[in-house]
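Asker: One structure coming up, written as structure tokens, with questions to follow.
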Amino acid sequence: MPGTQARHPKPTALLASTTLALLAALGPAHAQERVQPTDAQLDCAGIAAEQQRMKGLMDAGQGERTLGTAAAGTAANVGTQVATGQVAAGLFGSLGGIAAKLAGATAQAQTETALGPTDAAREAATRATARHEFLARLADARDCANGGGKPLSAQAFEQLAAAPPAGTLAITPLSAASVAPALAAAPSLLPADNLLDGKVALAGKTVFLTEYRVLFDMSGEVSANTRGGYLLGTDYGATRATVTYKVPEPDIAALQAITDRAYADFKDRLAAAGLSVQTTEPEGGGVYSATEAGSAPGAPVWIDQNVGQVKRRLLVLTPTGTRFVSRGFAGIGAGNIGKRIEWGGKNWEGLSVTQTVNIAELESSGSGSSIWRRGSSAEASSSLTVGLAPGDFLVQTHVGGGLLRMTQPLPVPGAFANFRTVKTFDSDKDTTSRVVGTLQNLMGQGANKVLKVEKEVDVDGPALARLSYQGLASINQAVAQRLAGR
């Protein structure tokens, strides 16, 4: 009977099995609701016990990878490489060294996960932190600090449970109805004249306001990166950080109400400054024809801005019943030359006005070589500013060539939105990316690192309307004063 020959695993099979070991997923975090149905029956002792339990979950998930954790992972790496290398080298020579290193990377990742908090533990800690904060409010409402333990009515408990967590804004959805009261109140103006640059001469002229646009920032992206470099025998990998944000379904009718109110305010301020401005074109048309429709419910009109590391997507709004001038890569272009000559002879002038409402402050560490800059950072956070869109003018005249720019946007203080992180990808925490990084290192290359964060923006309608109107009216006032020569 012929003997049977033992079959050794193929090198590719060993590499695949090692990779699969790295891809082992962790169990999902146990959902820890911020408010639970039985909380209304908790006495002070029960509240304290539940707080202590939350504290345990918080402590378990808040530890970070330390030097000790890394050292333990390295020890596991070395031990596994030795054990695997002894087997693999006898099977298929030098390829066993690669398999050993991959297996070592697996062991290191598993050890670091075991010693440090898992993703599930971090998620549980986040939920426990929110619940701990609610329990503290509940204890305060029941006067537990003074040993009183006073009863809490069902209505009082419901109000307590409905209150937003600390550090978040209670949201009233954006709608035409929700913004109406905020737009009815007179705004408190902010100083903005010092932000304007340029000159427009309108004395003695008949002025036609051809277009008034408001651009609303509804989504965007900020990024930072370093380029891979090679210095003194070391290959430094590239890094890239990207943060995106988006208002999921902006209510165009509400933004239209804000635009209409700002337009009416602008006309009032021009009149108060002694300027007579006509808002309808004269017979025969103007130097520029406003033919493009602004955004309407179900028919958004977008402008994409790309300024280096910052990208924004803006909704174009025009006052009800008006349109805007089409633009190309050179702006509104030369217009109708014949009409320009005709208007100049009649001492007529046309105006285009554009303002922008930005909802996000975008921060970037920029770009550079990884030899000198070892990482990248980017962030998008809630911050409302009003003013000039990059690549556009605040005010542009159609005949005389007068221009007004803004040196910087006008900050409008106040909370108006919650920026929620809905998805994160971090190559340092992604097992597949760590496998790829290990393979890159084995080939003498620096491992590339990527961080991607996606955020959704929950906008409070009344607050957005109030702050937007305040900023737009402040710029309106500064522009009116400049146009009046003051």
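Under numbering that gives the first Met the number 0, think of the first position of the sequence shown as 0, with each following residue one higher.
From the three backbone atoms N, C-alpha and C, an ideal C-beta is built for every residue, glycine too.
The structure presented is a predicted model; accordingly, all values stated were derived computationally and were not measured.
1. Any beta carbon from chain D within less than 7 angstroms of E455's own beta carbon?
2. What's the gap between the Cα of T321 and the Cα of A292?
3. I340: buried (16+ other C-beta within 10 angstroms of its C-beta) or exposed?
4. With a cut-off of 8 angstroms on the beta carbons, I'd call V478 and L403 a contact; round off their distance for me.
5. With DSSP run on the structure shown, which of helix, strand or coil describes N346?
6. Hey, how far is the Cα of T290 from the Cα of S325?
7. If you scan the stretch 181 to 223 from start to end, which runs of the alpha helix (DSSP H) of 4 or more residues do you find wholly inside it?
8. Does the pairing of the stretch 343 to 355 with the stretch 294 to 302 give three or more beta-carbon distances under 8 angstroms?
9. Hey, how far is the Cα of V286 from the Cα of M405?
10. Taking the beta strand (DSSP E) that Q304 falls in, what are its first and last residues?
11. Straight-line CA distance for A175 to L254?
12. Pull up the distance between the alpha-carbon of A144 and that of A47, whole angstroms please.
13. State the DSSP-derived secondary structure class of I358, mapped to helix, strand or coil.
14. With distances taken from CA atoms, which of D38, I257, A169 and P36 is nearest V385?
15. Taking the continuous beta strand (DSSP E) assigned at L274, which residues delimit it?
16. Consult DSSP for S473 and reduce its assignment to one of helix, strand or coil.
17. In three-state terms, what does DSSP make of K422?
18. What alpha helix (DSSP H) runs, 4 residues minimum, are completely inside the stretch 239 to 272?
19. With DSSP as the reference, identify every bridge partner of V315, one or two as the case may be.
20. Compute the distance between the beta-carbons of L41 and A127, then report whether it is under 7 angstroms.
21. Comparing alpha-carbon positions, which option in P180, D259 and V411 lies nearest P486?
22. Between the alpha carbons of L208 and G219, how many angstroms are there, rounded?
23. DSSP beta-bridge partners for R404?
24. V502 by DSSP, collapsed to three states: which one?
25. Nearest by alpha-carbon distance to F415: which of Q395, A270, D391 and S380 is it?
26. Report the residue from A181, D142, T167 and F133 whose alpha carbon sits nearest the alpha carbon of Q158.
27. Got a sec? Which residues, its chain only, sit under 6 angstroms from T278 by beta carbon, not counting five neighbours each side?
28. Determine the DSSP secondary structure at Q35, reduced to helix, strand or coil.
29. Grab me the residues of P389's own chain with a C-beta within less than 8 angstroms of its C-beta, minus the 5 sequence neighbours each way, in chain order.
30. Should D250 be labelled buried (16 or more other beta-carbon atoms within 10 Å of its own) or exposed?
31. Quick one: Cα of R268 to Cα of Q476, how far?
32. What residues match up with Q395 in a beta bridge as DSSP calls it?
33. Return helix, strand or coil for E111, following the three-state DSSP convention.
34. Can you look up F328 in the DSSP assignment and give me helix, strand or coil?
35. Kindly indicate the opening and closing residues of the alpha helix (DSSP H) around L159.
Answerer: The relevant details are as follows:
1. In the structure shown, chain D cannot be found, because there is only a single protein chain.
2. The sequence position of residue 321 within the sequence shown is 322, counting from 1. The sequence position of residue 292 within the sequence shown is 293, counting from 1. Straight-line Cα distance between these residues: approximately 8 angstroms.
3. Mapped onto the sequence shown, residue 340 falls at position 341. Result: exposed.
4. Numbered from its first residue, the sequence shown carries residue 478 at position 479. Numbered from its first residue, the sequence shown carries residue 403 at position 404. Between L403 and V478 the Cβ distance is about 7 angstroms, and since that is below 8 angstroms, they are a contact.
5. By 1-based counting over the sequence shown, the position of residue 346 is 347. Of the three classes helix, strand and coil, the one that applies to N346 here is coil, per DSSP.
6. Mapped onto the sequence shown, residue 290 falls at position 291. Mapped onto the sequence shown, residue 325 falls at position 326. Computed Cα separation, rounded: 7 angstroms.
7. none
8. Remark: fewer than three beta-carbon pairs, one from each stretch, lie closer than 8 angstroms, so the stretch 343 to 355 and the stretch 294 to 302 are not flagged as touching.
9. Your numbering for residue 286 matches position 287 in the sequence shown. Your numbering for residue 405 matches position 406 in the sequence shown. Spanning the two alpha carbons is a distance of roughly 24 angstroms.
10. As a first step, residue 304 is located in the sequence shown; it is residue number 305 there, counting from the start. It spans W301 to V306 - the beta strand (DSSP E) in which Q304 sits, taken as one unbroken run.
11. By 1-based counting over the sequence shown, the position of residue 175 is 176. By 1-based counting over the sequence shown, the position of residue 254 is 255. Each residue's Cα considered, the two are about 8 angstroms apart.
12. Translated into the one-based positions of the sequence shown, residue 144 becomes position 145. Translated into the one-based positions of the sequence shown, residue 47 becomes position 48. Answer to the nearest angstrom: the Cα atoms are 11 angstroms apart.
13. Taking the first residue of the sequence shown as 1, we reach residue 358 at position 359. I358: strand per DSSP, three-state reduction.
14. Along the sequence shown, read from residue 1 onward, the residue named residue 385 stands at position 386. With distances taken between Cα atoms, V385 lies closest to I257.
15. Residue mapping note: residue 274 aligns to position 275 of the sequence shown, counting from 1. Segment: none, L274 is in no beta strand (DSSP E) and carries neither H nor E.
16. The residue given as residue 473 occupies position 474 in the sequence shown. In the structure shown, S473 sits in a helix (DSSP, three-state: H, G or I).
17. Here the question's residue 422 lines up with position 423 in the sequence shown. When DSSP states are grouped into helix, strand and coil, K422 belongs to the strand group.
18. 251 to 271
19. Counting from one through the sequence shown, the residue named residue 315 turns up at place 316. Paired residue(s): L214.
20. Against the sequence shown, residue 41 aligns to sequence position 42. Against the sequence shown, residue 127 aligns to sequence position 128. Cβ distance not < 7 angstroms, so L41 and A127 don't count as in contact.
21. Outside the displayed range of the chain (0 to 485) lies residue 486, so it cannot be described from this structure.
22. Here residue 208 corresponds to residue number 209 of the sequence shown, with the count starting at 1. Here residue 219 corresponds to residue number 220 of the sequence shown, with the count starting at 1. Their Cα atoms are separated by approximately 31 angstroms.
23. Along the sequence shown, one-based indexing puts residue 404 at 405. According to DSSP, R404 bridges with D196.
24. Lying outside 0 to 485, the shown extent of the chain, residue 502 is not represented and no answer is given.
25. In the sequence shown, the residue the question calls residue 415 occupies position 416. Measuring from the Cα of F415, the nearest candidate turns out to be S380.
26. What you label residue 158 is simply residue 159 of the sequence shown in a count that begins at 1. Proximity to Q158 across A181, D142, T167 and F133 peaks at F133, based on C-alpha coordinates.
27. Locating residue 278 in the sequence shown gives position 279, where the first residue counts as 1. So the qualifying residues of the chain are L208.
28. What you label residue 35 is simply residue 36 of the sequence shown in a count that begins at 1. Of the three classes helix, strand and coil, the one that applies to Q35 here is coil, per DSSP.
29. Residue 389 sits at position 390 when you count from the first residue of the sequence shown. Cβ neighbours of P389 beyond the five flanking positions: Q304 and V306.
30. As a working mapping, residue 250 is identified with position 251 in the sequence shown. It is buried - the Cβ of D250 has at least 16 other Cβ atoms within 10 Å.
31. Stepping through the sequence shown from its first residue, residue 268 is reached at position 269. Stepping through the sequence shown from its first residue, residue 476 is reached at position 477. Those two C-alpha atoms are separated by around 6 angstroms.
32. Taking the first residue of the sequence shown as position 1, residue 395 is located at position 396. Per DSSP, S351 and L402.
33. For this step, residue 111 is matched to residue 112 along the sequence shown. Reliability fails at E111, whose pLDDT of 48 lies under 50, so the model's placement of it is uncertain and no value is given.
34. By 1-based counting over the sequence shown, the position of residue 328 is 329. For F328, the secondary structure class from DSSP, reduced to helix, strand or coil, is coil.
35. For the purposes of this step, residue 159 is taken as residue 160 along the sequence shown, with counting starting at 1. Counting along the chain, the alpha helix (DSSP H) containing L159 begins and ends at A153 to A161.
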